[in-house]
Each structure stands twice: as C-alpha cells, then as structure tokens.
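Following: one structure in structure tokens, then a few remarks.
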Amino acid sequence: MATLSAAKRIVIKIGSALLVDGGDLRAAWLKSLAEDVAMLRERGQDVIIVSSGSIALGRGVLGLGEGALALEQSQAAAAVGQIRLARAYEEALQPHGIATAQVLVTLDDSADRRRYLNSRATLEQLLSLGVVPIVNENDTIATDEIRFGDNDRLAAQMAVAVGADVLVLLSDVDGFYSGNPKEDAAATRFDMIDRITPEIEAMAGDAGTGLSKGGMLTKLMAAKTATAGGAAMVITLGSQPRPLAGLEAGSAATWFTPQTDPQAARKRWIASMKPKGTLRVDAGAAEALRRGKSLLPAGVSAVDGTFGRGDPVVIEGPERDRLGVGLARYTSEEAAVIRGQRSDRIEALLGYPGRAALVHRDDMAV
191 MATLSAAKRI
201 VIKIGSALLV
211 DGGDLRAAWL
221 KSLAEDVAML
231 RERGQDVIIV
241 SSGSIALGRG
251 VLGLGEGALA
261 LEQSQAAAAV
271 GQIRLARAYE
281 EALQPHGIAT
291 AQVLVTLDDS
301 ADRRRYLNSR
311 ATLEQLLSLG
321 VVPIVNENDT
331 IATDEIRFGD
341 NDRLAAQMAV
351 AVGADVLVLL
361 SDVDGFYSGN
371 PKEDAAATRF
381 DMIDRITPEI
391 EAMAGDAGTG
401 LSKGGMLTKL
411 MAAKTATAGG
421 AAMVITLGSQ
431 PRPLAGLEAG
441 SAATWFTPQT
451 DPQAARKRWI
461 ASMKPKGTLR
471 VDAGAAEALR
481 RGKSLLPAGV
491 SAVDGTFGRG
501 DPVVIEGPER
511 DRLGVGLARY
521 TSEEAAVIRG
531 QRSDRIEALL
541 GYPGRAALVH
551 RDDMAV
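Here the sequence shown stands for residues 191 to 556, where the numbers follow our numbering.
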C-alpha cells in the first residue's frame, strides 16, 4: 500500500471550497497547510500544489456574487484573483524558507508535445531548486474548448507529467463512498480501490459542492489517469487543520492503487508512439544509452526524416540496429546542425542557448 511518507514526489490538489470562504481567503487553514508542506520538504520530498481559488477570490473583489459567471466574467475574476492566490501561497510558505512559483497551464499545454515538454522541463527545474510550484489552469485565457474544466483532472495530468508517486486530493469528503453520504445514511467508505470497475463508477454520481466544480465522478476520472501513470491517489478530508499530517496519522481516506510505476508508464507511452524520424548514433553513444545516459549531439552521426521538437524519433546504432524511441528536444533541422558536436557549441551553432541533450534519458524508451 502506498503511503505519503514513502513518496519521493507528491502532488496536492486543493479546491476552492477549502481555500476560500465567502470570497475571503481561509488564511489560518492555509497557514496550517504550509506547515504540512514544510514537513514534507524537510524530509526531502518534492511537492507540487495544484490549487483552485483564483476565480473565487477575484469574484469577491469584483463583487460578482455567487451565481454562474459568463466566460468573460470568469476570465476577469481569474486575472484579479490569480495575483492574490499567488501572494497567499508565497506569504504562507516564506516563513518556512520555501520559495514558490506560479505555473499556469491550459489543456493545450498537455495535448501539444512541445508545450508538454516545456512545462515538464520547467517543473523539473523548479523542483531541483527546492521550489514548490503552485499550478492552476490559466482561466484568464482558457476557453471551453481548451479547458481541463476541473483541477482534479489537471492534478492527475501533472502527477503523470512529473512522475509523482502520490496524488492527494484534499476534498470536502473523507473518501469515496458507495453513495452520497450526505443523502444516504447507509453509504459506506472504501479504504482502498485496486481497480475502477463499472460498478464503482456507477456509485460516483456527479455532485459538486459549494464553489467546487468537481464532483466524485471527476475524481474517479483523475484516479484513472493517475493510477495508469504510476501514481497512487488518495481522497481525504481537507477542511481540518494540517490535513496531510492527519492523513499520515491515519485520518479516514480512500487510496487508489497504482497500476504500474511512473517510470515504466512513461517509457511505455513513449515506446507506443509512431516515430517521425531517425537518429543514428556511434558505438560510444550506443553503449552510453544502454547504461541509462542521455543522447548528446556529439554521439549522433546521422539525422533522417522531418520532425519537430517533442516528436518521437527512432534511435539506431551504428549498424542501423534499433536501440529505442525518444522524444527529440530539437527539430530535425537543428539536430542536423549540431550532430557530432559538443554540447557547449550548441549556442554558437544555432545562435541561441539550448539543452545539452538531444534526447534526455527521461524521454527515452531503450
């Protein structure tokens, strides 16, 4: 069974109803959550927070009331509230010596491989520097066609993108029930769900509460994404102070079992893609790849096909034997220019600084 304490990387999703009350920030609750985050960081665990709340905060400032908002009103509220949301997290975590960063994404950022790689690289760099990224959907520019629609699914996508071990959904209920516990006194909570069956889905319903958009059905959709990507997911009550410490101490919760591990899931995803080009490498590079190293330009002897950044490419050995598939960090034109060259010459050759690896080991299935 997955546990919070054993995880190396944790994504925490926080809904509007937990963070905002009547248009005002629940500052005391956020301060207690910051203590939980500091506890995780002190143990060396990476933390990413996916937080709702910008629209809820902004609509209070703009006096937009509590009813449904038109798209333009939501975007305006998000633009106003996002500043306050970022500042709130910064002020809550700064006393613990934790730096924060705001990362705004849309559905297009995960659907487009180039943007996906950019987002992933940025998050990896922030985590390596000890920063806690605060991720939210970019409601200021998102339209209905390019929206995640709820942060449960956004959090699941983030968990898969960064190879998280655990996704925590802090909710207004303490787990997944056989029925709506507010309406059905006989409803029982599941401690663990190993597989999401049609019977489980039928129990979900789709009732959100308060300012929250996501009901239990969206949480099951998030669980499918997260567990298929190798992350355990847990739903637990978030309204009490120190909810993560409470989870570790045995608070009621429902755990969803991962179906694989994050690295294996990512490698399988990459291996299943249809390649758009080929990189042929020399014997030294081939041996380095077998040892788990990244592919540097110096080891590439030939570039075939036309591909863009983020596209899958076949990696071949010197005898044209297939070594694996990877996601290119350069276009085919750029790769042709820097092949056979040291990484420290990339800027001189292309006219701008680039990444050292042509294909990073994390983006490769060998």
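Don't be surprised by glycine CBs; every beta carbon is placed ideally from N, CA and C.
With 16 or more neighbouring CB atoms inside 10 Å of its own CB, Y520 falls in the buried class.
Within the segment 484-541, the alpha helix (DSSP H) runs of at least 4 residues that lie entirely inside it are, in chain order, 522-528, 536-540.
Cβ-Cβ separation between Y306 and G516: approximately 14 Å, too far for a contact (criterion under 8 Å).
Per DSSP, reduced to three states, the secondary structure at S368 is coil, with no helix or strand assignment. When secondary structure is reduced to three states using DSSP, N341 falls in the helix class. Annotated three-state conformation of D211 is strand, per DSSP.
Nearest Cα to V240 within the set Y279, G405, S222, D214: Y279. Nearest C-alpha to A345 among L540, G234, A196, I238: I238. About 11 Å separates the Cβ atoms of S368 and M406, ruling out a contact at the 8 Å cut-off.
Taking the Cβ atoms as the reference, S484 lies roughly 5 Å from H550, within the contact range of under 8 Å.
V321 has its alpha-carbon roughly 15 Å from the corresponding atom of K198. Between the alpha carbons of I386 and L410 lies a distance of about 8 Å. Residues of the same chain with a CB within less than 6 Å of the CB of P433, apart from the 5 flanking positions on each side, are L360 in chain order. Residue pairing by DSSP puts K203 in a beta bridge opposite V240, L359. Membership of T415 in the alpha helix (DSSP H) is indicated by the continuous run 406-418.
The beta carbons of Q292 and I245 sit no closer together than 8 Å. At a Cβ-Cβ threshold of 8 Å, A349 and A421 count as neighbours.
Judged by beta-carbon spacing, A476 lies within the 8 Å limit of G507, meaning their Cβ atoms are closer than that value. Sequence-distant partners of A492 (beyond 5 residues in either direction) whose C-beta falls short of 6 Å from its own C-beta, in its chain, are R470. In this structure I536 is not in contact with T444, their Cβ atoms being roughly 48 Å apart against a cut-off of 8 Å.
At a Cβ-Cβ threshold of 8 Å, R303 and T415 do not count as neighbours. The beta carbons of L539 and Q531 sit about 6 Å from each other, so the pair counts as a contact at 8 Å. Looking at the backbone, the Cα of E256 and that of P285 are separated by about 33 Å. Look at A443 here: in three-state DSSP terms it is strand. Close CB contacts of G212 within its chain, under the 8 Å cut and outside five residues either way in sequence, are with G250 (chain order).
Secondary structure at A422: strand, using DSSP grouped into helix, strand and coil. Pairing V504 with L548 gives a Cβ-Cβ distance that is not under 8 Å.
Considering only A228, G498, V352, the residue with the shortest C-alpha distance to R456 is V352. Boundaries of the beta strand (DSSP E) harbouring G467: 467-471, taken from the DSSP string. For G498, same chain residues with a beta-carbon under 7 Å away, outside a window of 5 residues either side, are R304, T521 in chain order. In the assembly as shown, W459 is an exposed residue. Its beta-carbon has fewer than 16 other beta-carbons within 10 Å.
One thing to note: V358 has its Cβ no nearer than 8 Å to the Cβ of V270. Between A354 and V201, the CB-CB gap stays under 8 Å.
The C-beta of P543 has fewer than 16 other C-beta atoms within 10 Å across all chains shown, which makes the residue exposed. Per DSSP, E281 is one residue of the alpha helix (DSSP H) stretching across 261-283.
Within 10 angstroms of the beta-carbon of D534 lie fewer than 16 other beta-carbons, which makes it exposed.
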